[in-house]
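In this note's numbering, each number is its position in the sequence shown, counted from 1, plus 151.
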Amino acid sequence: MSKHLTTGRVVRYLLLFTVACAVVLGVTFARYATVVQGQGSGDVAAVALGLTGDSTADLTSQLQGIKPGDTREVKFAVTNADGETTSEVTQAYSVSIVTTGNLPLEFELTAIAPGPDEGKVATGYGSPWTGGELPYGTSISHGYTLKVEWPSDENGSALAYEIDQVILKADAQQAQPTTGAV
Numbered sequence: 152m153s154k155h156l157t158t159g160r161v162v163r164y165l166l167l168f169t170v171a172c173a174v175v176l177g178v179t180f181a182r183y184a185t186v187v188q189g190q191g192s193g194d195v196a197a198v199a200l201g202l203t204g205d206s207t208a209d210l211t212s213q214l215q216g217i218k219p220g221d222t223r224e225v226k227f228a229v230t231n232a233d234g235e236t237t238s239e240v241t242q243a244y245s246v247s248i249v250t251t252g253n254l255p256l257e258f259e260l261t262a263i264a265p266g267p268d269e270g271k272v273a274t275g276y277g278s279p280w281t282g283g284e285l286p287y288g289t290s291i292s293h294g295y296t297l298k299v300e301w302p303s304d305e306n307g308s309a310l311a312y313e314i315d316q317v318i319l320k321a322d323a324q325q326a327q328p329t330t331g332a333v
């Protein structure tokens with residue numbers, strides 16, 4: 152009988168080693184095997200934000216013909232409802248003006264104060280105006296007046312035939328409720 156390692160013996164040893172490892176690993180990891188069963192369902196909260204129908208409004212046509220010393224007022228509302236859908240999450244929003252900057256216009260935002268449990272309005276000077284909050288569950292509308300003024304001392308001849316695109320924009324994100332909304 153030969154004591155040398157032959158090809159047959161090497162194959163048998165490898166097979167025996169593989170079976171031993173499989174048994175050891177199988178027994179070791181058996182305690183980590185679990186079976187989980189269950190079922191669940193979820194709903195996504197409805198979100199609605201409107202700037203009197205949309206989240207942007209082009210004010211260019213309403214400001215057409217403005218000249219140095221003129222003041223125009225634009226009324227709009229930010230709401231948490233869109234048709235039949237009322238937002239199911241509290242929304243913190245900001246109102247901003249995007250302009251091409253061709254005219255030296257100044258903007259002032261005045262809010263109609265909401266009632267109790269109707270959230271907070273955006274406040275401050277200059278664009279963007281932040282701090283607005285629409286509560287969840289009830290259809291709420293925050294009214295605003297945007298005053299657009301062209302200062303009378305900004306009357307250079309280079310501005311005579313200039314036009315400016317002015318877009319009013321409302322941006323919102325989900326927020327923690329701070330009011331006692333339903």
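Don't be surprised by glycine CBs; every beta carbon is placed ideally from N, CA and C.
* **Proximity below 8 angstroms, CB of Q324 to CB of A243** => yes
* Kindly list the residues whose CB is nearer than 7 angstroms to the CB of L214, restricted to its own chain and excluding five residues on each side of it in sequence; keep chain order. => R223, V299, V317
* Between which two residues does the beta strand (DSSP E) harbouring T289 extend? -> Neither: T289 is in no beta strand (DSSP E) and is coded neither H nor E.
* To do: Enumerate in chain order the residues of its own chain whose CB-to-CB distance from L297 is below 6 angstroms, with the five nearest sequence positions on each side excluded.
  => V225, L260
* Can you tell me where the alpha helix (DSSP H) with L176 in it begins and where it stops? -> 158-180
* Asked: In the DSSP assignment, what are the bridge partners of L260?
  -> L297
* To do: Assign L210 to buried or exposed, taking buried as 16 or more other Cβ atoms, counted over all protein chains shown, within 10 Å of its Cβ.
  => buried
* Asked: Candidates G294, V240, D304: which alpha carbon is nearest Y287's?
  -> V240
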